[in-house]
Amino acid sequence: MMLICSLIMDVPSELSKKSIRLATLNISFQHLIKGLVMYTTTYNVSTVNQFKFGKSLCALAVCISLGVMAPAHALLINLTSTGNSNADTGFQLAANFWQSIFTDNIIMNVTAGFAELAPGILGEANSTYFDTTYSAMKTALSNDSKSADDAVMVAGLSAGPTYSKLINNGGSAHLQTGISTMNMTRSNAKALGLVASSSTVEDVAITFSSRFSFDFDQTDGISAGFYDFVGIAIHELGHGMGFTSGVDIFDLNFSGGFSDAQYNPFATVLDFTRCSAASKAAGADMDWTANNNAKDFAIDGNCTPLVSNAWSTGVSQGDGRQASHWKDNAGIGIMDPTAEPKGNLNVVTLLDTQALDVIGWDLRAQVVPEPNSLLLMLMGLFGIHVARRRPSIV
Ligand SMILES: [Zn+2]
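Per the working numbering, the very first residue in the sequence shown carries number 9; after that it's consecutive.
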């Protein structure tokens with residue numbers, strides 16, 4: 009199915025595109041709910057510098073200068089032209105970045121372009137989704153387990169064949185059990201071996217806003233008055249890779265009168281890292297409540313937080329930001345819902361890569377840096393992230 013990871017809440021043309029893609033995927037879509045509004049994940053502008061506590065993995069330029077970008081990679085991100093050659097160069101650098109981090113032997117097909125997006129929106133990613141079952145996901149994740157974090161994630165998954173949620177459908181939070189279906193982006197499914205790795209079907213369409221001025225080259229920092237295009241492209245690709253939450257669909261349709269079961273197909277792999285003390289107390293495998301309560305990032309199935317209050321909680325019922333992102337302006341990683349202000353780099357952190365690792369992407373071990381030394385390099389080369397840190401909560 010096609011869920012929209014971008015800016016517009018309900019786009020008829022996108023919904024029709026979804027039908028096309030559903031047919032192409034040749035899987036069952038009986039669950040599609042008449043009247044259900046799909047969501048689009050936005051990457052918004054911000055005037056707030058984010059205090060970085062997520063350890064920087066590396067800015068793209070630093071990766072190159074450190075020589076840690078491996079020359080050969082099995083992951084291939086196929087990009088169409090945006091129609092702007094400078095943007096194409098920048099987008100390729102963003103693709104190279106993820107290719108340098110992950111080794112999954114797949115081809116990810118990305119359609120790129122520019123459009124006049126809504127004010128305040130820098131970019132959007134419209135991912136094609138793959139419907140599956142909890143059992144299939146768990147088997148695939150287990151077979152794909154490579155890192156220590158993968159092992160923790162797999163060990164923490166419920167035995168199955170069903171999983172459970174804490175959900176506040178109808179207003180009050182309650183435990184919903186016996187859920188067998190879920191979904192993930194097609195790219196995520198490729199990384200897990202659930203979709204043919206060389207399929208040429210579009211996996212994600214990424215659109216950048218033509219309203220803004222971008223700096224397409226990170227290697228000399230980001231010029232004043234310009235947004236960091238490469239960082240924004242890395243963010244949008246991250247959504248395509250599976251950094252999304254089904255809570256956005258629930259949140260957007262909260263008042264629609266849909267049953268708990270009608271939302272069953274929309275939990276993502278990433279949602280299994282979304283929890284709270286309340287969901288743990290209820291015995292739920294995830295916190296799917298759409299409200300302003302804090303949601304933690306944990307990978308052990310027991311809600312031992314790696315980051316407390318890690319997640320945005322929803323545009324409609326939550327904190328005003330889409331749940332498919334880290335908490336806004338908390339400096340957790342590049343999957344923050346708002347980009348760094350003009351003149352600043354957006355930096356991938358070890359938390360960004362950890363989240364993608366545990367949902368099925370395979371880290372290239374040798375590029376995992378020693379954070380302290382790399383951070384020093386970052387400081388020396390750019391002097392941006394540390395020098396400009398300031399209290400940033402809005
Ligand atoms: Zn986003």
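Backbone N, C-alpha and C define an ideal beta-carbon position, used for all residues, glycine too.
Fair warning: this is a prediction, and the values are worked out from it, not measured in the lab.
In this structure, the CA atom of Ser218 is about 15 angstroms from the CA atom of Gly233. Distances from the alpha-carbon of Ser180 to those of Asn354, Val323 and Thr297 put Thr297 closest. Asp304 and Asp211 have their C-alpha atoms some 29 angstroms from each other. Between ligand 1 and Tyr137, a heavy atom-to-CB distance of less than 7 angstroms is absent.
Within the DSSP bridge table, the entry for Cys283 names Asp304 as partners. Here the C-alpha atom of Pro349 lies approximately 17 angstroms from the C-alpha atom of Glu244.
In the three-state scheme derived from DSSP, where H, G and I count as helix and E and B as strand, Val255 is classed as helix. Classified as buried, Asp327 has 16 or more neighbouring CB atoms from the shown chains inside 10 Å of its CB. Taking non-hydrogen atoms of ligand 1 into account, the C-beta of His182 is found less than 7 angstroms away from none of them. In this structure, DSSP gives Leu149 a helical state, which the three-state scheme calls helix. Residues of the same chain with a CB within less than 7 angstroms of the CB of Ala302, apart from the 5 flanking positions on each side, are Ser284, Ser316 and Asn317 in chain order. Counting other Cβ atoms within 10 Å of its Cβ, Val209 stays below 16 and is therefore classed as exposed. One Cα belongs to Gly201, the other to Val162, and the distance between them is close to 16 angstroms. The straight-line gap separating the alpha-carbon atoms of Ile367 and Ile230 is approximately 31 angstroms. Collapsing the DSSP output to three states places Trp106 in a helix.
For the pair Ala347 and His247, the CB atoms are not nearer than the 8 angstroms cut-off.
For a cut-off of 8 angstroms, the C-beta gap from Gly250 to Thr276 is around 7 angstroms, short enough to register as a contact. Taking 8 angstroms as the cut-off, the beta carbon of Gly121 is found closer than this to the beta carbon of Gly91.
Considering only Ser263, Ala197 and Thr170, the residue with the shortest C-alpha distance to Ser188 is Thr170.
Straight-line measurement puts the Cα of Asn261 at about 21 angstroms from the Cα of Tyr51. Relative to the non-hydrogen atoms of ligand 1, the Cβ of Tyr51 comes within a distance shorter than 7 angstroms of at least one. Residue environment analysis places Asn151 among the exposed positions, since fewer than 16 neighbouring C-beta atoms fall within 10 angstroms of its C-beta. For Phe237, the closest of Asn86, Ile85, Thr97 and Ala82 by C-alpha to C-alpha distance is Thr97.
Relative to ligand 1, Pro273 has its C-beta separated by 7 angstroms or more from all heavy atoms. Between Leu359 and Ile109 the beta-carbon gap is near 13 angstroms, outside 8 angstroms, which marks them as no contact. Listed as beta-bridge partners of Ala213 by DSSP are Thr119 and Asn134.
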